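Asker:
There are 2 protein chains.
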Amino acid sequence: MESFFTFLERRVSDSSSLLCIGLDPHIGDLPSPTAAAALRFCIDLVERTAPCAAAFKPNAAFFEQFGAPGWDALKRVIDGIRERSRHLGSMIPVILDAKRGDIASTAEAYARSAFQELGAHAVTLSPYLGRDSVEPFLADGEKGAFLLCKTSNPGAHDLQDLPVGVAGEPLYVTVARLGRSWNTRNNLGLVVGATQPEAMARVRQAAPELWFLAPGIGAQGGELEPALRAGLRRDGRGLLLPVSRAIARAADPGQAAAALRDEIVSIQYRLAGSGRA
Amino acid sequence: MESFFTFLERRVSDSSSLLCIGLDPHIGDLPSPTAAAALRFCIDLVERTAPCAAAFKPNAAFFEQFGAPGWDALKRVIDGIRERSRHLGSMIPVILDAKRGDIASTAEAYARSAFQELGAHAVTLSPYLGRDSVEPFLADGEKGAFLLCKTSNPGAHDLQDLPVGVAGEPLYVTVARLGRSWNTRNNLGLVVGATQPEAMARVRQAAPELWFLAPGIGAQGGELEPALRAGLRRDGRGLLLPVSRAIARAADPGQAAAALRDEIVSIQYRLAGSGRA
């Protein structure tokens, strides 16, 4: 058996990429507001960007908004990624961005939905309900989860930055430590926004070996080099960079993904050369 | 326009009930593990318990586990509740227990899914991403949301009880205060477990006028009178008690619901008589 992050690392090697292509069929980006249009939008993006994708990340919300046909489209998108992976000869992990979080018996049903029914390899989760809400997603080491830790939205400040305990360190640092202690099967990572490199550096310090899913590059305005400097592990990996609109809305998404992948690689080399990794 | 909680209060009056019937089609409770069986299970429960239901609360996970057909069954269950309400001559609110929580543009898609596509009247939400992740669900005052505050599962302790700030009050009290400040349209409530009356009393102190959705009665072992004493507002309302397995697994779910509704009413009277409310 191979752990989720061993699987992801193989794909990172095969693609020389830390890019995670977000599949977010916003209604405004579709020719018509239908599940069929969402499916076509995503499959086209998968076809064009697969060679540069370390992972794909469909967000459940943009499929749920179309009801049952949307849910069917989501399953077909994941099937399409599996098929494209076979042609490439390298399986591409699918991270279902669902941000679920419920008590254990309910979490088991969500895990069944994500892993068995849809065929995703990992999910994003909220930490608010604690360990027993996360464990059903970690029981099978081949499947993984990314725990929300420090997000890149304006409201992140409301809870995540609250000073906790005697030391008064921010809540997100506590969540990073908890996540680290729950990662007994090499299948738990953290969601850490790329827009605040100082916060990311603190999370890296608290969880030196965990993988981060770090949104915020592109549409949300995060800069690449500070994020890589703050977030990469000492081995020069451990950071997955989701991008959706910046690639989906490019004139040529395949070319935009390749250019971004290459830019990341060149920064990785530069940081390695300067003794960063 | 009527706010979500004005709508709920009317139904509470019509039914003399604070019971919220949970619709959780656990696979183990179904004759076969299919969406069709889940639909029949729920519709049967709706038929039998509707007269005693202040609200119904389907949990999305138990439908999602069946993929697109499950999503379709969920929609039919909500349609069925609307139809049953018409026969009763009193609309019964549907709270979609989904515990969603994502950045604003994604939250808009989730709100569209819950309110427009499925036809629910309210949802449960995670607070971890802060205000902008909650606002899209509150924009229309006729629709409501319950924010996870203090839950009844073992892992609740991991984050929710952490001491925050100079005063060192638990995180869940901070969430209660935030929720109170975000409730500008009388459509935001809190999820507060019924199993810990002391914690519930602290939340009631921090948010005197908010509605609580208080799971934990029945299968999870919470006792009714201490919960009502701690959680009722000064007007003797403000507390919605979800029960699922204890009613669904009863020999006669309709009778079990009526008995529980009556027990709650008698405790309400007793507390009112003792000057509690």
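These protein sequence lines are chains C and V, in that order.
When you line the first sequence up against our numbering, it's residues 1 to 277, in that order.
When you line the second sequence up against our numbering, it's residues 278 to 554, in that order.
Backbone N, C-alpha and C define an ideal beta-carbon position, used for all residues, glycine too.
Keep in mind the model is a prediction, meaning the values are calculated, not measured.
#1: Which full runs of the beta strand (DSSP E) of 3+ residues lie inside the region 15-67 of chain C, going along the chain?
#2: For Asp158/C, does the three-state DSSP call read helix, strand or coil?
#3: Would you say Ala523/V and Gly508/V are within 8 angstroms of each other, going by their C-beta atoms?
#4: Look at the Cβ atom of Ala483/V, then the Cβ atom of Met477/V, and state whether they are nearer than 8 angstroms.
#5: Grab the span of the alpha helix (DSSP H) containing Leu406/V for me, first residue to last.
#6: Under 7 angstroms between beta-carbons, which chain C residues line up against Asp435/V? List them in chain order, please.
#7: With burial defined as no fewer than 16 other Cβ atoms inside 10 Å of the residue's Cβ, what is the status of Asp512/V: buried or exposed?
#8: Spatial neighbours of Ala98/C within its chain, please: C-beta separation below 7 angstroms, excluding the five flanking residues on both sides.
#9: Buried or exposed: which applies to Ala251/C, given that a residue is buried once 16 or more other Cβ atoms fall within 10 Å of its Cβ?
#10: When the cut-off is 8 angstroms and only beta carbons count, does Phe115/C lie next to chain V?
#11: Hey, out of Asn153/C, Pro170/C and Leu190/C, whose CA is closest to Leu384/V's CA?
#12: Does the CB of Ser181/C have a neighbour CB from chain V at under 8 angstroms?
#13: Just checking my contact of Asn463/V with Leu415/V at CB under 8 angstroms: how many whole Å lie between their CB atoms?
#14: Tell me the residue span of the beta strand (DSSP E) that contains Ala98/C.
#15: What is the C-beta distance between Gly531/V and Thr326/V, in whole angstroms, given that I count them as a contact (C-beta under 8 angstroms)?
#16: Examine the Cβ distances between the region 158-177 of chain C and the region 417-430 of chain V and report whether three or more of them are shorter than 8 angstroms.
#17: Considering Cα atoms alone, identify which of Ala109/C, Leu118/C and Ala55/C is closest to Trp71/C.
#18: If we count the other Cβ atoms within 10 Å of its Cβ and call it buried at 16 or more, is Pro31/C buried or exposed?
#19: With H, G and I counted as helix, E and B as strand and the rest as coil, what does DSSP make of Gly231/C?
#20: Name the DSSP beta bridge partners of Glu622/V, please?
#21: Got a sec? Which residues, its chain only, sit under 7 angstroms from Ala248/C by beta carbon, not counting five neighbours each side?
#22: Report back the beta-carbon spacing between Cys52/C and Ala257/C to the nearest angstrom; my notes put them in contact at under 8 angstroms.
#23: Establish whether the CB of Val441/V and some CB of chain C are separated by less than 8 angstroms.
#24: If I measure Cβ to Cβ from Ala277/C and keep anything under 8 angstroms in the same chain, skipping five residues before and after, which residues do I get?
#25: Ignore the nearest five residues each way along the sequence and tell me which others in Leu129/C's own chain have a CB closer than 6 angstroms to its CB.
#26: Quick one: does Gly67/C have its CB under 8 angstroms from some CB of chain V?
#27: Using a Cβ cut-off of 8 angstroms (strictly closer), state whether Lys352/V contacts chain C.
#28: Around the C-beta of Pro127/C, are 16 or more other C-beta atoms found within 10 angstroms, so that it is buried, or is it exposed?
#29: Does the beta-carbon of Pro519/V have 16 or more other beta-carbons within 10 angstroms, so that it is buried, or is it exposed?
#30: Rounding to the nearest angstrom, what Cα-Cα distance links Ile494/V and Leu148/C in this structure?
#31: Of all the CB atoms in chain V, is at least one closer than 8 angstroms to the CB of Cys52/C?
#32: Using a C-beta cutoff of 8 angstroms, does Cys20/C count as contacting chain V?
#33: Span of the alpha helix (DSSP H) holding Gly254/C?
Answerer: Looking at the atomic coordinates:
#1: Listed in chain order, the complete beta strand (DSSP E) runs (minimum 3 residues) inside the region 15-67 of chain C are 19-23 and 55-58.
#2: Under the three-state reduction of DSSP, Asp158/C is assigned to helix.
#3: Gly508/V sits away from Ala523/V, with the two beta carbons spaced by 8 angstroms or more.
#4: A distance of 8 angstroms or more separates the beta carbons of Ala483/V and Met477/V.
#5: Membership of Leu406/V in any alpha helix (DSSP H) is not indicated, and neither H nor E is assigned to it by DSSP.
#6: At a C-beta separation below 7 angstroms, Asp435/V has these neighbours in chain C: Gly130, Arg131 and Leu178.
#7: Per the 10 Å Cβ criterion, exposed.
#8: Cβ within range, chain order: Ala60, Ala114, Val123 and Thr124.
#9: Exposed, because fewer than 16 other Cβ atoms sit within 10 Å of the Cβ of Ala251/C.
#10: Output row for Phe115/C: interface = no.
#11: Residue 384/V is actually Ala in this sequence, not Leu. Its Cα nearest to that of Ala384/V, the residue Asn153/C stands out among Asn153/C, Pro170/C and Leu190/C.
#12: Taking Cβ atoms only, chain V never reaches closer than 8 angstroms to Ser181/C, which makes this a no.
#13: For Asn463/V against Leu415/V, the beta-carbon gap comes to about 10 angstroms, at or over 8 angstroms, which does not count as contact.
#14: Here the beta strand (DSSP E) through Ala98/C covers Ile95 to Arg100.
#15: So it is a contact: roughly 6 angstroms between Cβ atoms.
#16: Taking a cut-off of 8 angstroms on C-beta distances, the region 158-177 of chain C does not touch the region 417-430 of chain V, as fewer than three cross pairs fall below it.
#17: Nearest option by C-alpha distance: Leu118/C.
#18: Counting the other CB atoms within 10 Å of its CB gives Pro31/C a total below 16, which places it among the exposed residues.
#19: Helix at Gly231/C.
#20: This structure cannot settle anything about residue 622/V, because the visible part of chain V is limited to 278 through 554.
#21: Asp29 and Leu45, listed in sequence order.
#22: Confirmed, about 4 angstroms.
#23: Answer yes: the Cβ-Cβ gap between Val441/V and chain C drops below 8 angstroms somewhere.
#24: Low per-residue confidence applies at Ala277/C: pLDDT is 47, beneath 50, and the placement is therefore not dependable enough to give any value.
#25: Only Gly101 meet the Cβ criterion.
#26: Chain V contact via Cβ: present.
#27: Closer than 8 angstroms: yes.
#28: Buried is the call here.
#29: Buried, since its Cβ has 16 or more Cβ neighbours within 10 Å.
#30: C-alpha separation (whole angstroms): 30 angstroms.
#31: No, Cys52/C does not count as interfacial toward chain V.
#32: Chain V contact via Cβ: absent.
#33: From DSSP, the alpha helix (DSSP H) with Gly254/C extends over Pro253 to Gly273.
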